[in-house]
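Colleague: The following block contains the structure, expressed as structure tokens.
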Amino acid sequence: MIRASACLAGLAILGLVLGPSLNAQEPYKLPPKEIVAMVEAPPTPMVSMSPAGDVMALIEHESMPSIAALAEPIVRIAGMRIAPATNSRQTLTFSTGISIKDMKTGAVRKAALPEGFKFTFPSWAPDGRTMALLRFVEDGVELWALDVKSGTAKSLTPARVNAVLAGFDWLADSRRLVVSLVPDGRGPAPTPPRVPKGPEIQESGGEEAKVATYQDLLKTAFDELLFDHYAAAQAAIVDTVSGEARKIGKPFIGSLSVSPDMSWILVNRIKRPYSYSLPASGFARSIEIWSMDGNLVKVLADLPPTENVPINGVPKGPRSVEWMTHEPGTLLWVEALDEGDPKKDVPFRDQYLKLGAPFSGEPAQIVKLKERAAGLSFFQTPGKALASQREWKRRWRTTFLVDLKDPSAEPVKLWDLSAQDRYNDPGWPVTTTLKTGERVILQDKDWIYLDGAGSSPKGDYPFLDRLNLRTMKTERLFQCQDPAYESFVAFDGPSRTRIVTTRETRTEPPNYYFYDLKTKKRTALTDFKDPAPQMTAVKKERITYKRADGLDLSGTLYLPAGHTPGTRLPVVVWAYPMEYDTADTAGQVRGSANRFTFYRGTSQLFFVTQGYALLDNAEMPVVGDPQTVNDTFVQQIVSNAEAAIRKLDEMGVGDPKRVGVGGHSYGAFMTANLLAHCDLFAAGIARSGAYNRTLTPFGFQSERRTLWEAAETYIKMSPFMHAHKINEPVLLIHGMADNNSGTFPIQSERLFAALKGFGATSRFVYLPHESHGYAARESVLHVLAEMIEWFDRYVKNKQ
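Now the structure itself:
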């Protein structure tokens, strides 16, 4: 431990002295032209089904923004990125067009939208006759409504929508919307004082506040003023027919929702004190009920900031407050019975409570759960619901059938299994939309329907089952078959003999079909083309192999078109580690080799175009007790890597001396650890990673202990502490504006400084304006160029 601490101190000083030594800023560069062509291919439209399933909306959207768009000014506060020009969250890609397809006649109508129209993904009215969307213009955001039948659209508000915390939501009458607007008379944004009044001071009051590491937080009193300015909104109800806008109450900060009977408003109002340790979602708040005129009726809860929530725990008091399905003006919420502390030994941890209008009585209990609540889903027929609970200690999920009419009735256990058990997963209930807009479990008398992934040792084969709630017997209605990957989307309206599916194969992109459950015949609904037909001949297969300890592993192997069997290729292993409780769940096959491959963004798949074999999503399980599993993290990922390379060698596919490893985020963390603790790889690529776990001292990923409880593990798992052992070339890539929890850009800066200090071969690519993932066209193409050049030099052409 003394040696590790000395190494930590020495490397920290080394990083401060040297800093990241970079060449002058370089222009953006391009990968090979065939890759550029695929990256820039128009994206396939997105599909959205109407609530009744009688209309399909085909939504066109942009592929990538320009770096100029990312360079537009933003304000980074309260865990958000706010675009001052539009008073909205920073939005990087937009929808650009809508086509409406009648499912009965097959007729398609292009919506009449102004030229250059850029908008957010549209939202259906409960009756499916109208779609609402937010249009972005230079000086703000407008609310628009699209008439589905005519295909015409109109503006409902000027460019005054406040899209920072809320936006809009439909009322149950399908005619009106509640929208957040910029308050009238709001002046210009405050400007920072030229001369400070004094130092910024924070205090700790003696209570524990073990919070994760977040970015873009409030840091100063001036930041609080900016948050007040941009987040404050005036609620209004807008009529889509008359265009009338009626303001509700006074401006506030937060979000609201209208009750199904349109008589009450639930308000989640953020208030001071603000937190400098948490994003806005963790600020103090008041849960309030307003009348439709905006008058306060009741304060349901007055909640402090969530800084003192125990690790893996939940806040005290009401949480997940919402309107209860089937009951016009009734609130539903969850409340902890263990004070939110998962370490407390109690008979029940959570309870669901409800309180109906006029909200003057005591809340009634619906159900108590022995473990933490994980969702309450109501049936289409009132009276019963499915209640799920999760047990964090062993990642377990249990679902019960609950009788809402008789709270004293014992819940009936339906499913009880590991949340990581893919093979025995029963699927998720199929839902439908009520006239009020509420989503409920679709029900035909005693039958409900389950949509599942169908995971098996041969891969995923999605299915549709129906379950009889009286007999608890299950019948299979549909399951996809080789050589396709086909999954359930929706029923064809009220029909139960015809469904809508999305179907794809290795060589055919996903398209939508009618599938007749009786005749087994398909009718095509869309005809989306292969955006990269030049890649059709790429070879793809799911391979399985064993770790030294017998654990089953798998991955998807891609080989270049025209590859001659027996020819050994340079290899790229791309992976992301996952933690599992047991070897049984860790060894399960995930995914399907029958799926179509899209070549998009900064995907590692582009290595195949340059003559590499790619083992993609190579399984990197770390198996053990959730509390201590990371004690053997390094040994297990090295063993996983050895097994993968051995398999490719046995297949005669890969050259064991020319294998590169790469990953993004936690995969980058894995990559740096592999390079530090083994000599299996010729080089590595680590993108947007965290490498010094002492900078995330209150836990990371699934680690549940703090640095002070498991210092040896934190240090052993930190590749920064072992930078002197990294003797293979490593390419570090990071966005300058990374806002992901834990992966601060300084993580890559300091690792590069350490590598440089020890004379390692390394390169640090620091991307302006980019976040955890890379969005701008220029950045995407540059990253691909850097990755290919790096592995060409140190893997493919390794001397």
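Those letters in the sequence shown? Residues -5 to 793, per my numbering, in order. C-beta atoms are modelled at their ideal positions from N, C-alpha and C, and glycine is treated no differently.
Applying the 10 Å Cβ sphere with the 16-neighbour rule, what's the burial state of N418?
Modeller: Flag for N418 reads exposed.
Colleague: Confirm, please, whether the CB-CB distance from V434 to R652 is below 8 Å.
Modeller: Cβ atoms of R652 and V434: not closer than 8 Å.
Colleague: Is it buried or exposed, P723, if we count other Cβ atoms within 10 angstroms and call 16 or more buried?
Modeller: Buried, because 16 or more other Cβ atoms sit within 10 Å of the Cβ of P723.
Colleague: From the DSSP secondary-structure annotation, give me the bridge partner or partners of W806.
Modeller: As displayed, the chain neither begins before -5 nor continues past 793, which places residue 806 out of reach and without an answer.
Colleague: Going by beta-carbon coordinates alone, are Q266 and G248 separated by less than 8 Å?
Modeller: Per the sequence shown, the amino acid found at residue 266 is Arg instead of Gln. It is not a contact, given that the beta carbons lie outside the stated cut-off.
Colleague: Taking the alpha carbon of Y593 as the reference point, which residue from A754, V602, P571, V628 has its own alpha carbon closest?
Modeller: Comparing Cα-Cα distances from Y593 to each of A754, V602, P571, V628, the minimum goes to V602.
Colleague: To the nearest angstrom, report how far apart L347 and E329 are at their CA atoms.
Modeller: C-alpha separation (whole angstroms): 7 Å.
Colleague: Are the beta-carbon atoms belonging to D625 and T707 less than 8 Å from one another?
Modeller: In this structure, T707 lies closer than 8 Å to D625 by Cβ.
Colleague: On the DSSP bridge assignment, give the partners of D397 in chain order.
Modeller: For D397, which the question treats as bridged, DSSP gives the partners K378.
Colleague: Classify K191 as helix, strand or coil using the three-state DSSP reduction.
Modeller: K191: coil per DSSP, three-state reduction.
Colleague: Identify which residue in P423, A274, P116, A46 has its Cα closest to the Cα of Q437.
Modeller: It is P423.
Colleague: Just to confirm the assignment, what range does the beta strand (DSSP E) spanning H776 have?
Modeller: Unbroken run through H776 is the alpha helix (DSSP H), 771 to 785; no beta strand (DSSP E).
Colleague: When you compare each of K310, G355, F353, T319 to R343 by their alpha carbons, which one comes out closest?
Modeller: If we check each option's Cα against that of R343, K310 comes out closest.
Colleague: Can you give me the Cβ contacts of G581 inside the same chain, cut-off strictly under 8 Å, excluding the 5 residues immediately before and after it?
Modeller: Here the set comprises L545, D546, L547, P615.
Colleague: Specify the secondary structure class of H223 as computed by DSSP and reduced to three states.
Modeller: Of the three classes helix, strand and coil, the one that applies to H223 here is helix, per DSSP.
Colleague: Looking at the secondary structure, which residues open and close the beta strand (DSSP E) in which Y760 lies?
Modeller: Where Y760 is concerned, the enclosing beta strand (DSSP E) stretches over 756 to 761.
Colleague: Would you check if the segment 75 to 85 and the segment 185 to 201 touch, i.e. whether three or more CB-CB distances between them fall below 8 Å?
Modeller: They do not touch, by the three-pair rule.
Colleague: Looking at C-beta atoms only, is the number of pairs between the segment 210 to 221 and the segment 174 to 191 that lie closer than 8 Å three or more?
Modeller: These segments touch.
Colleague: Tell me the start and end of each unbroken beta strand (DSSP E) in the segment 655 to 732 that is at least 3 residues and wholly inside, in chain order.
Modeller: Listed in chain order, the complete beta strand (DSSP E) runs (minimum 3 residues) inside the segment 655 to 732 are 677 to 681, 724 to 729.
Colleague: Which residue comes first and which comes last in the beta strand (DSSP E) that contains R470?
Modeller: Its beta strand (DSSP E) spans residues 468 to 473.
Colleague: Taking the alpha carbon of L642 as the point to measure from, which residue in Q209, V567, I679, G487 has its own alpha carbon closest?
Modeller: For the residues Q209, V567, I679, G487, the minimum Cα distance to L642 belongs to V567.
Colleague: Would you check if the segment 267 to 278 and the segment 54 to 74 touch, i.e. whether three or more CB-CB distances between them fall below 8 Å?
Modeller: Yes, since at least three Cβ pairs between the segment 54 to 74 and the segment 267 to 278 fall closer than 8 Å, the two stretches touch.
Colleague: Just the Cα atoms here: how many angstroms apart are K241 and R771?
Modeller: Their Cα atoms are separated by approximately 41 Å.
Colleague: Tell whether a beta-carbon distance below 8 Å holds between N791 and A754.
Modeller: Result no, Cβ atoms of N791 and A754 do not sit closer than 8 Å.
Colleague: Closest to Y660 by CA distance: which of A295, A555, T737 is it?
Modeller: Minimum Cα distance to Y660 is reached at T737.
Colleague: If you follow the alpha helix (DSSP H) that G237 is in, where does it begin and where does it stop?
Modeller: Segment: none, G237 is in no alpha helix (DSSP H) and carries neither H nor E.
Colleague: In chain order, what residues of the same chain have a beta carbon less than 6 Å from the beta carbon of E480, not counting five sequence neighbours either side?
Modeller: Counting only Cβ-Cβ distances below 6 Å, and skipping sequence neighbours, we find C474, T495, R497.
Colleague: Do three or more CB pairs link the segment 445 to 461 to the segment 605 to 623 at distances below 8 Å?
Modeller: No, because fewer than three Cβ pairs between the segment 445 to 461 and the segment 605 to 623 fall closer than 8 Å, the two stretches do not touch.
Colleague: Can you find the residues in the same chain that come closer than 6 Å, C-beta to C-beta, to D332, ignoring five residues on each side of it along the sequence?
Modeller: K338, V340, R343.
Colleague: Entirely within the segment 468 to 555 and at least 3 residues each: give me those beta strand (DSSP E) ranges in chain order.
Modeller: Entirely contained in the segment 468 to 555, the beta strand (DSSP E) runs reaching 3 residues are, in chain order, 468 to 473, 479 to 485, 492 to 498, 505 to 510, 516 to 518, 533 to 540, 546 to 553.
Colleague: List the endpoints of the continuous alpha helix (DSSP H) containing G134.
Modeller: Here G134 belongs to no alpha helix (DSSP H); instead the beta strand (DSSP E) covers 134 to 141.
Colleague: Quick check: the Cα distance between V142 and R123, rounded to an integer number of angstroms?
Modeller: Their Cα atoms are separated by approximately 5 Å.
Colleague: Does the beta-carbon of W386, which I'm using as the reference point, lie nearer than 7 Å to any heavy atom of the ligand GTP?
Modeller: In the structure on display, the ligand GTP does not appear, and there are no ligands present to speak of.
Colleague: Would you call T622 buried or exposed, if buried means 16 or more other Cβ atoms sit within 10 Å of its Cβ?
Modeller: Classification for T622: exposed.
Colleague: Any idea if D210 is buried or exposed, counting beta-carbon neighbours within 10 angstroms, 16 or more meaning buried?
Modeller: Buried, since its Cβ has 16 or more Cβ neighbours within 10 Å.
Colleague: What does a CB cutoff of less than 6 Å around C672 pick up in its chain, not counting 5 residues either side in sequence?
Modeller: Closer than 6 Å at Cβ, skipping near neighbours: V632.
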